[in-house]
Every structure is written in structure tokens, then in C-alpha cells.
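**Q** According to our numbering, numbering within the sequence shown proceeds without interruption in unit steps and concludes at 747.
Where is the CB? At the ideal position from N, CA and C, for every residue including glycine.
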Amino acid sequence: MGRTFRIKVRMRRFRRRHPRIAFAIRSLMIFSATFGGAYGFIAGSRSESSGYDPNAFAIGASFLFALACLGLATLSMRLRFVNKRLRALAAHNEKLIDRNWELKEAEERARSLFEQQGDLIVLRDHQGRITFANDAYCALAGQARGALVGTRFDFDVLEQGDSAREGNGTRVHDQRIATPLGARWVAWREGFVRLDAGQPAELQSVGRDVTDRTETERALSEARDLADAANRAKSRFLAMASHEIRTPLNGIIGMGGLLLDTTLTPEQVTYARAVKTSGEALMALIEELLDYSKIEAGKLDLEQRPFALSTLIEEITELLAPRAQARNLEIASYVDERLPLEVVGDAARLRQVLLNLAGNAIKFTASGGVALIVEPGIWPNEISFLVRDTGIGIAPDAQSRIFREFEQADERVARTYGGTGLGLAISERIVKRMGGRIALTSEPGKGSTFEVAVPLAPSQADAGQTAFPSPDLTGKSLLLVADGIEASLIARRLERWGGQTCMVTDAAVAEALLPERSWHAVLIDRALGPVSADRLGEAARAHATQRLVLLTPSSRHEKFSAAFTGFLVKPLRAASLAARLALAPEIISPDLAPEPPVEPIASARPANGLSILVAEDNEINALLMRSLLTRLGHRVVIATHGDAALESWLAARSAATPYDLVLMDIQMPQLDGIEATKRIRAHEAGAGGHRTPILALTANTLAEDRYACFEAGMDGFLIKPLDREKLDEALAGLIASRHLAV
Ligand code: ADP
């Protein structure tokens, strides 16, 4: 069998190599066979004994010929079919050769890409032996690929970072490894890859050298920590320095106040006032510097609490009113009624910004006045606060400069008015921190308008509430006889309530207008002149149901005409105006007009004075506290350090005459205020019974110091410098609660 096959293969090879010889041999063989057959047949048929039958011969010959033709036709068809298949095979073969070539090229490209990757790539079998390592891995390992493949080589790990697993099972982790090139940080991604269904999976690790990035990050983080520490140290230093400055200042301002309460010659009063005012100016400066450093250190934490908008604005206006009126200036506010009653934000910081802007407006205005207008802003939930004055204005080139720290519009003006140039810088930063903006429009000689627009969402509790019922003045005529900023704001408000307001600035014109129609109310500003105001009031009796006189706080004690049905004190509160206009006129008579409140007499001793322990190491401040508290009618014991305070507190408690209150200075020698408080609270916890209220007495305003006070068990704190009003306010609540307890 094998032999036959071999012969066949040889013959086939011979045919392939020598096709012509094979063709000649094949033709010869066919010819010989045909010739032999034909010759034999003819020779056979001619012989005498053959019994030749020409018919049978013809039939046989035809049959043989037909057979040969059939064989030839079959062969030819087969040949064509084989030829066709051969062509198809050749084409397929061609395609396969092309594909093979493409695959080889792709594999080559993938391999070189894989090997020349900057990332480290290593494949390990299930026993941890390397099956492939790319150039980068070999270079970092300092070994040839051949030397690595088949070994369990791995780098020494110097530091291992946290590892995490991704959703697809890939493990991600950072390692600091030792390499012949030194320690490197590598971020690895590791996962199993299955190469062959029958084989165990291989572990593929891809590592990226992140040494530079990690080291930069570390350096940055160290630098940030250092900067933070420096910033903290700076804030601490500023807080300490300001505390140290505030303490003696507290003495200066307090003693100045006490001195002013004694009998002094006019000259001495001037000097004592100068001492007090200078002290207060210095205190304001320290506060600004402290604020500025807090903002610089990014320590400005904003509160998010609901507050009433109109209360905030009216409080600011009333706080600044004495300062404005002392300079013969008007100050007035207007809060648009479309605004929510309560909004959520940091009222104290907003107040600080508006106080600064309105304070500046008063400072830089010689005649006219200042208006605080609150309106809806251009964005949803945005509120726009306008502080408008009729002052000296700001030159265009100085308008952007004044928002920078320590910048003033004009050196000459600055010398006249004083100031540090910090107020606007602080205000702008606070407003930006609130997500708002501050803008200025000003014309030298005419005045300035500062606009603060901040996003303030309405409070949830606010829904549908109104501050006060606004009077319905639809179709009613009102005559407003007044001049200036406040008059135009009152007119604007009356219009909003539906009234037809006629505003005149001249009493004679107003008198001429009175008989024109029947007036619902006539409002007359006494600033036009007391005599003409009273005369106009009398004249209005016959024409107006309500006759109101507008007074300044200083003129409220003066007598005014009985023709008036009521009075309103400037700056006007919208609620008071609404209440006055809504009242039925017949129930008001000038005699029933509410008595102007009498200033509380500070030295009056309340019968229910408290017994107070004051722990204060500074002699002057202790003296000041004693004087202030004694004047307010309280009994005071002074302790000059924490230990003495603790002893005194214990002694009073064991004698069954416990203190009603302890005022505790924080920084004291020996035992400080925090520690002394902790010990008092510990005693109380052990012995049970009455808990003594303890208020911190501090010049420190840092939030962490306040937390420390509360953590130690204090109930609140009083910020130095203290004055009689602040103390009285703080103690009033305590006296009230003691009454309730009794
Ligand atoms: P300060 O008032 O303490 O100097 P500010 O930062 O509050 O500091 O103000 C910077 C400067 O801007 C002021 O010195 C003044 O020149 C100018 N300025 C601020 N407000 C007004 C205003 N309403 N009218 C005119 N000038 C103003």
C-alpha cells in the first residue's frame, strides 16, 4: 500500500515537473491503444474464418463509438467542474494568504506596542511565574526579558497604599517600590485574564509610575498644612493681640463713661468725651482689623437662619438716626412690600455691610440725607439693598479702587473724615462670600448709590404671612407736607397702599391746597418749622379727618398743636404709619397720644438686685465692673483669679447664700476661666441642686473660643468692652427668670 502510494506521489511529481513529457507519453499511450484496438478489429474482421457480418460490425462499431463519445463527454464535464473548483480554491487561498499577512502585521504591531508601553505590564501564571513582561517592566527591574520570564520576580514594597476594587473586579492600589533606579511610586491595576478556556487564568498587572505626581501632591499638601498652621498662628496672634489691646481699652472707654457721669467742669467734659471717643474709634479699628484677618484666613463662617427683613433695615436706620440727625441729615428706609417677610441668611453679616455703607453715606454727606431701599433683585430670590446719599460723591477713577484694602477715594478727603479704608474691602468680601455682588454709581458733588445684591431665599415659616395689615387707601387723598429723602419714600409707600398722594414742600402751598378736596389724612413734617407746622395743622382741622405731625426723636418732647390727631417719629416705621392711617380718627386725640417713652434712669436701684461674683484679674476692669454693676443695683464680689472665684463660690454656697450669677473672665493667672467653670460645674453635678448661671467675660471674638466657653458649661458670654446698656440687657433676662422661679 505504502509502496503504491509512493509510486503514485512520484508519478504525480514527475507530471507536475515535466508536463510536456507526461502529455507526450499520455498521447502515445492513447494512440497506441486506439491504433492497437482498431488494427486488431480490422484485421480480425478481414480474416476468412471470422464469419464477418457487416451489419453486426456496423452495429458494434457504432456502439463502441457511442461509448467512446459518452466517456469523452463525461470526462470533459468533470474536467470543467474540477477547473471551476480549482479557481474557487485558488481565490480562497489568496484571501487566506492576505488575512494571514494582516494578522501577522497586527500581532507584530500589538506586540511592539505592548512592549514599548511606558506603563509597566507583567503577566503571571497561576503560580506567580512571569509569562510576559514588557520593556518598561524589564527596564525598571534592570533585567532582560529572558531572565525574568519563568521566574517569580517581584519588586520589594516599601509602602503600601490603600487598595480598592472596581466593579469589573480590577484591583487598584498604589505602592512605593524599591528598584535599581531608586524608590518609585507605582499605581497598579490588576485583574485576571483568561487566555485559553482549558488553562487557568493569568494575572495581568499594569503599573504607572506616579512618583512625580505623588511627590508633588505630598509637597503641596505639606505646604498647605504649613500655610494653614501659619494662618492659624496669625489669627491666634491677632486674636491675642486684639485681646490684649481690648482689655486696657475696655478700661479707658468704661472709665471715660463713668467719669462723664460725675460732676465735671465743661472743659473736663470735653476732655473725658475725647478720651471715650478716641477709645471707641480705636476699638472699631481693632474690630475691622480682626474681621479682615478672619476673612483673609477664610474663617468667615456664614449663618443660615431666618430673619425679618424690615426689622433688620429699620433697626439699622434707627441705630444710625442719632448720628445722622446730629449732622442735620435725614435717614429713611423703604422695604418693598413684594419681598418676603422673613428670609434665610446671615443677618449679622448683612447688618455689618449695610451699617458700613450707611455709616459711610452719613460720613461723606454734608446736606440732604441717606436712604436705605430694599427691592427685589433681578434674579429669583435675589434682594437688592440700595444705600443712597446726597453726599460728596466719588470720582470715576476712584470708584473701583475704593473696594481695595486701605484705599480711600481722596487723600485730602480722608484726612478730613478719617477712616482706615478697610470697610468697603471687608464688605465686598462678605457680599461675595454670600454669593452676591456690590456695585457703585456715583457722581461727584451729587451723591452715591451703593447696591448690594444678595441671594436670600424666603424662610419656610414665612409662607403667606404679612408683617402688618396694610391700610386700604384706594381712592383716598393724602397731603404730605414734607421735604427730602424720607418724604419721597413715604409718598412711594402711600401710593403703593392705593392712596392719591400730593406731596408739597411748602407750608403756604399746602395751606392753599387744603380746601381743594376732602383729605383722608394730612401729614406735616415739623422740620418745616414748628410754627408753620402747627398753623397748618390748625388749618387742616376743617379739611382732613386725620392730621399727623412727623417729629424727630429730639423734638418729640416739645409741645405741638392740639389740632393734630397723632404723631409719628422719624425715621418712620412702615408698621407705625400703617397703624396710624388705619385707625379711626375719632378715637385719637392729641391728649391721648402716647407719652414719649422716658429714658430709663440708669442709677435707679432695682429692688431685686442680683448677687454677682465677678472673676476678673485686671484691676481697672474689675473696678469698672464693680461700678457698673453697683449702679445697676446689684451686689458684687470680685475675685482676682480662678482659684479665688472657686473658693468664693463654694463659700457662698455652703453659707446658703449662693450667687445669682458668675461673670467669668477667660484669661486669668493660675486657674483660668474655662477651668474654674469646669470645676464649678463638676461640684454642682456632684452635690446636685441649683445651677449658677455663668457668663464668660471676654475680649476674644473667635468662634473656637466661644465653643470652648459653651463646652466648659458656660451659659453665654459678654464681649468687652462692656457698657451699662449691654450689661443691663444681659442681666434683665436673668432677673426676669429669677422672678418667674420665685
Ligand atoms: P473708610 O471709610 O474707613 O476710609 P471704606 O473702605 O469704608 O473706608 O471707604 C473707602 C473710601 O471710599 C472712603 O475713604 C471714601 O473716600 C470712599 N467712600 C466710601 N463711601 C462713600 C460715600 N458714600 N461717599 C463718598 N465717598 C465714599
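1) Out of 216, 199, 170 and 647, point me to the one whose CA is closest to residue 183's CA.
2) Beta-carbon within less than 8 angstroms of residue 652's beta-carbon, same chain only, minus the 5 sequence neighbours each way: which residues are those?
3) Tell me the residue span of the beta strand (DSSP E) that contains residue 448.
4) How about residue 414 and residue 403: do their beta carbons lie closer than 7 angstroms?
5) Is residue 394 near ligand 1, going by C-beta to nearest heavy atom under 6 angstroms?
6) Counting only runs of 3+ residues fully inside the region 469-543, write out the beta strand (DSSP E) ranges in chain order.
7) Tell me the residue span of the beta strand (DSSP E) that contains residue 92.
8) Straight-line CA distance for residue 394 to residue 328?
9) Residues in the same chain with beta-carbon distance under 7 angstroms from residue 129, minus the five sequence neighbours each way, listed in chain order, please.
10) Is any heavy atom in ligand 1 found nearer than 6 angstroms to the beta carbon of residue 290?
11) When burial is assigned at 16 or more other CB atoms within 10 Å of the CB, is residue 345 buried or exposed?
12) If you reduce the DSSP assignment to three classes, tell me which class residue 160 lands in.
13) Between which two residues does the beta strand (DSSP E) containing residue 572 stretch?
14) Any heavy atom of ligand 1 within a distance shorter than 6 angstroms of the CB on residue 369?
15) What first and last residue would you give for the alpha helix (DSSP H) that runs through residue 653?
16) To the nearest whole angstrom, what separates the beta carbons of residue 453 and residue 398, a pair I think is in contact under 8 angstroms?
17) Within the present structure, is the beta-carbon of residue 429 separated from the nearest heavy atom of ligand 1 by less than 6 angstroms?
18) So, residue 621 versus residue 665, is the Cβ gap smaller than 7 angstroms?
19) So for residue 288, helix, strand or coil by DSSP?
20) Does the beta carbon of residue 366 fall short of 6 angstroms from some heavy atom of ligand 1?
21) Hey, is residue 717 close to ligand 1, as in C-beta under 6 angstroms from one of its heavy atoms?
22) With residue 261 and residue 274 assumed to form a contact (beta carbons below 8 angstroms), what rounded beta-carbon distance in angstroms separates them?
23) According to DSSP, is residue 30 part of a helix, a strand, or is it coil?
24) How would you label residue 333, buried or exposed, when you count the other beta carbons within 10 angstroms and need 16 or more for buried?
25) What does the Cβ neighbour count give for residue 482, buried or exposed, with the cut at 16 atoms within 10 Å?
26) Please report the distance separating the alpha-carbon of residue 126 from that of residue 157.
27) Which of the three DSSP states, helix, strand or coil, is assigned to residue 276?
28) Decide if residue 267 is buried, meaning its Cβ has at least 16 other Cβ atoms within 10 Å, or exposed.
29) Give the DSSP-derived three-state secondary structure of residue 348 in the structure shown.
30) Exposed or buried, residue 114, counting other C-beta atoms within 10 Å across all chains shown (16 or more means buried)?
31) Around the Cβ of residue 611, are there at least 16 other Cβ atoms within 10 angstroms (buried) or fewer (exposed)?
32) For the putative contact between residue 254 and residue 303, defined by C-beta atoms under 8 angstroms, what is the C-beta separation to the nearest angstrom?
33) On the criterion of 16 or more Cβ atoms from any shown chain inside 10 Å, does residue 191 qualify as buried, or is it exposed?
34) What do you get for residue 160, buried or exposed, if any count of 16 or more other CB atoms within 10 angstroms of its CB means buried?
35) Beta-carbon within less than 7 angstroms of residue 313's beta-carbon, same chain only, minus the 5 sequence neighbours each way: which residues are those?
36) Please determine if the region 358-375 and the region 444-460 are in contact, where contact requires at least 3 C-beta pairs separated by less than 8 angstroms.
**A** According to the structure data:
1) Ranking the options by Cα distance to residue 183, first place goes to 216.
2) Taking C-beta separations shorter than 8 angstroms and ignoring five residues to either side along the sequence, the partners of residue 652 in its chain run 644, following chain order.
3) Per DSSP, residue 448 belongs to the beta strand (DSSP E) from 442-448.
4) With respect to residue 403, residue 414 sits close: the two C-beta atoms are nearer than 7 angstroms.
5) Checking the Cβ of residue 394 against ligand 1 gives yes.
6) Counting only runs of 3 or more residues that sit fully inside the region 469-543, the beta strand (DSSP E) segments are 482-486, 505-509 and 524-530, in chain order.
7) Counting along the chain, residue 92 falls outside any beta strand (DSSP E), though it belongs to the alpha helix (DSSP H) covering 59-120.
8) Between residue 394 and residue 328, the C-alpha separation is close to 14 angstroms.
9) For residue 129, same chain residues with a beta-carbon under 7 angstroms away, outside a window of 5 residues either side, are 135, 136, 207 and 208 in chain order.
10) Checking the 6 angstroms criterion, the Cβ of residue 290 is out of range of every heavy atom belonging to ligand 1.
11) By the neighbour-count definition (other C-beta atoms within 10 Å, threshold 16), residue 345 is a buried residue.
12) It is coil, neither helix nor strand.
13) Unbroken beta strand (DSSP E) run through residue 572: 571-574.
14) Relative to ligand 1, the beta carbon of residue 369 is positioned inside 6 angstroms of a heavy atom.
15) Element bounds for residue 653: 647-659.
16) At roughly 6 angstroms, the Cβ-Cβ gap stays under 8 angstroms, so residue 453 and residue 398 are in contact.
17) Checking the Cβ of residue 429 against ligand 1 gives yes.
18) The answer is no: Cβ separation not under 7 angstroms.
19) Residue 288: helix per DSSP, three-state reduction.
20) Under cutoff, so the answer is yes.
21) In terms of side-chain proximity, the C-beta atom of residue 717 is found no nearer than 6 angstroms to any non-hydrogen atom of ligand 1.
22) Wrong, their Cβ atoms sit about 11 angstroms apart, outside the cutoff.
23) Residue 30: helix per DSSP, three-state reduction.
24) Counting Cβ neighbours within 10 Å, residue 333 comes out exposed, since fewer than 16 surround it.
25) Buried, since its Cβ has 16 or more Cβ neighbours within 10 Å.
26) CA-CA distance, residue 126 to residue 157, rounds to 15 angstroms.
27) Note: residue 276 maps to helix in three-state DSSP.
28) Label assigned to residue 267: exposed.
29) It is a strand residue.
30) Taking all protein chains shown into account, residue 114 has fewer than 16 neighbouring C-beta atoms within 10 Å of its C-beta and is therefore exposed.
31) Confidence at residue 611 is low in this model, with a pLDDT of 47, below 50, so the placement of that residue should be treated as unreliable; the coordinate-derived value is given next. Exposed is the call here.
32) Actually they do not touch by this definition, with Cβ atoms about 28 angstroms apart.
33) By the neighbour-count criterion, in which 16 or more other beta carbons inside 10 Å mark a residue as buried, residue 191 falls on the buried side.
34) The residue is buried, with at least 16 neighbouring Cβ atoms inside 10 Å.
35) Around residue 313, the same chain offers 346 and 347 as residues with beta carbons nearer than 7 angstroms, after the five sequence neighbours per side are excluded.
36) Verdict: yes, contact present.
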